[in-house]
Amino acid sequence: MEQFNNRNVADNGYYMVDIEDYPTDGWGQFKRIVKRTFRIELFVGLWVVMREMIKFDIHTISYPEEKMPIGPRYRAIHEMKRLWESDAERCIGCGLCEKICISDCIRMDTSIDEDSRKEVSSYTINLGRCIFCGYCAEVCPELAITHGGEYENASDQREHFIDYAGMLTPIDVMKANAQKEFEGFGAITPHEDERVKTTPLAY
Amino acid sequence: MDNAYLIETVIKVVVILLVFSALAGIGTYFERKILAFMQRRLGPMNVGPFGLLQVGADGIKLFTKEDIIPSGVVAPIFKIAPVITAATAFMAAAAIPFLPSFTVFGYEVHPIVADIDIGILYVLGVMAIGLFGPLLGGMASANKFALLSAARAAAVFISYEVVTGLAALAPIMLVGSLSLIDFNNYQIENGWLVWSQPLAFILFWIAAFAETGRTPFHLIANDHEIIDGFGTEYSGMRWGLFFIGEYANMFFISFVIPIIFLGGFGDGSVLGAFALLGKMAFFFFFFLWTRAAWPDVRPDQLMWLCWKVLMPLAVINVVITGFVMMF
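Chains A and B supply the protein sequences, listed in that same order. Residue 203 is where the first sequence ends in the working numbering, and the numbering goes up by one at each step. Residue 1327 is where the second sequence ends in the working numbering, and the numbering goes up by one at each step.
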């Protein structure tokens, strides 16, 4: 993560390329041609590619066999997290994600259950409309609806990539304490505890 | 004409056709691999071990793909153009001595189809006829990119014929013969021609890039500006013939350069034969190497280079050679 946090590009070995002025008259052009011809600039290019071939420092990733790790902020198919305490789904049915969704693809219905508590009776994300902007994950007060890292989806319709049951963390993963928290937008930053201030009570 | 000669010639023709058609395919494998390594990629990896069977897969695709003749083209010319490219490329091979002569079962084999007196003239001339492939194919295609490519092909090939001819003229004056066998024998006694004719060697080499249409002078089929140029409307095996012609030309010119300037196969020993193959491999590799390293020039820069730099140098070289031989 450290390498991504360092935004100070000037310290990373970048420098301005020294570009000569273009010749304006015939004599200048002639001098440039003679210089380029006898400094054998073409062979510099030949040497560079030959050096890379000898070093054999291949950067190809043989994709299906090898995979790059993706960043924690990657916004792929959504996930619905469960509560660590009760394994129940975290969604409280507040409707913020439905409200903020700029492509109007989230739809939820809530009702009062037998214990007189608010429950989410249906929650759908129309992935055919979703633009994966991440606002729903950012706005969610419970860190319930988040983006996952699963980018290998194939279907004849994007709507079929996942349904609500698939978004929800599987119960066996939950039992194994293996649920991964989302680190993208809206998530708690790593040093959040140090920055929390006590609420001032006296004014 | 006795039977032995006839059978030998037929066998040689068949062997050359088969070997160089196969080499054209394997050449694409080497090209893709070497370019990939120079660009820190892996190249074809999935078909067969290290992607070796990719050649076969490409061949199957080329042979079985539908041969589309678009409705707007001039069909007879459109159909014959790729054949011209491939046929002239292989015809040029007739006068090239690929190996020194050797003896099989007491029968002496000369690995040259026809040791004609005008060998080098024939090779260069037939290779130049190959220009009709891109030219006719491009003009018959009814496609603006193909037409641009045809115009460029005509300009480039005609211009660089001049350089090729003048560059080859000085060695011809020294050797006093046009036969490539005589070139080889001359260099056994007098040392490699590259030492006495370094400028002609470099000019011929540069012109070879234009003749084969390889990367600094790849503008007749420049993917990034005119799609595939003359090959845009072609599909299947007709496009494949253009392809085979291009690669066969690369191999043949890679044989011609060492035979003219770098001593050929030398005194005819096994070592000399392998040396010629090694030199050929280097020149073929250099075609791929430059493709990885160098940018393409613009058509006007190409013309400028030909008429204002290379041709005057070639003429001066011929004149100096003449004076040196006279006095």
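Every residue gets a Cβ at the ideal spot worked out from N, C-alpha and C, and that includes glycine. Since we're looking at a predicted model, the values are computed, not measured.
Chain A has no Cβ within less than 7 Å of the Cβ of Arg1298/B. Short of 6 Å from the beta carbon of Lys1033/B, and not among the five residues preceding or following it, lie these beta carbons of its own chain, in chain order: Gly1043.
In this structure the segment 1112-1120 of chain B touches the segment 1080-1098 of chain B; the number of beta carbon pairs closer than 8 Å is three or more. The beta carbons of Leu1262/B and Val1194/B sit about 6 Å from each other, so the pair counts as a contact at 8 Å. Among the CB atoms of chain A, one or more fall inside 7 Å of the CB of Leu1042/B. In terms of Cβ geometry, Gly1137/B and Ala1087/B do not form a close pair [threshold 7 Å]. Sorting Val1083/B, Asp1058/B, Val1113/B by C-alpha distance to the C-alpha of Val1015/B places Val1113/B at the top. Arg73/A places its beta carbon 7 Å or farther from that of Ser103/A.
Taking 7 Å as the CB threshold, Met167/A stays off the interface with chain B.
Beta-bridge partners of Thr1103/B (DSSP): Glu1108/B.
By the rule that beta-carbons nearer than 7 Å mark a contact, Ala1292/B touches chain A. Cβ-Cβ distances below 6 Å link Met1091/B to Val1126 in the same chain, with the five nearest sequence neighbours on each side left out; the list follows chain order. Residue range 1311-1326 is occupied by the alpha helix (DSSP H) that includes Ile1316/B. The Cβ atoms of Leu1053/B and Met1237/B do not sit closer than 7 Å to each other. In its chain, beyond the 5 residues on either side, Val1156, Tyr1160, Phe1217 have a beta carbon closer than 6 Å to the beta carbon of Ala1210/B. Residue contact with chain A for Phe1037/B: present (Cβ-Cβ distance below 7 Å to some residue of chain A).
Secondary structure remark: continuous alpha helix (DSSP H) runs of at least 4 residues inside the segment 136-173 of chain A, in chain order: 164-167.
Contacts with chain B at 7 Å (Cβ-Cβ) include Gly45/A. Our two residues, Ala1150/B and Tyr1029/B, have alpha carbons roughly 27 Å apart in a direct line.
Remark: C-beta atoms of Lys81/A and Thr169/A approach each other more closely than 7 Å. The segment 137-144 of chain A makes no contact with the segment 114-126 of chain A; the number of CB pairs closer than 8 Å stays below 3. In this structure, the alpha-carbon of Gln1187/B lies about 43 Å from that of Ala1146/B.
Linking Ile19/A to Ala1281/B through their CA atoms gives a straight-line distance of about 38 Å.
Straight across, the Cα-Cα distance linking Met53/A with Arg1040/B is about 7 Å. Short of 6 Å from the beta carbon of Asp87/A, and not among the five residues preceding or following it, lie these beta carbons of its own chain, in chain order: Met174. In chain order, Arg1040 make up the part of chain B whose C-beta sits under 7 Å from the C-beta of Asp57/A. The C-beta of Met1038/B has 16 or more other C-beta atoms within 10 Å across all chains shown, which makes the residue buried. According to DSSP, Ser1141/B shares a beta bridge with no other residue. As computed with DSSP, Tyr123/A is found in a beta bridge with Met108/A. Straight across, the Cα-Cα distance linking Gly1191/B with Leu1017/B is about 32 Å. Distance between Val1256/B and Val1163/B, taken at the CA atoms: about 15 Å.
Taking all protein chains in view, the Cβ of His1224/B is surrounded by fewer than 16 other Cβ atoms within 10 Å, so the residue is classified as exposed.
In this chain, the beta strand (DSSP E) harbouring Met80/A covers 78-80.
When the alpha-carbon of Thr146/A is set against those of Glu181/A, Asp163/A, Asp115/A, Phe161/A, the nearest one is in Glu181/A. Shown here, Lys118/A sits in a strand according to DSSP, grouped into three states.
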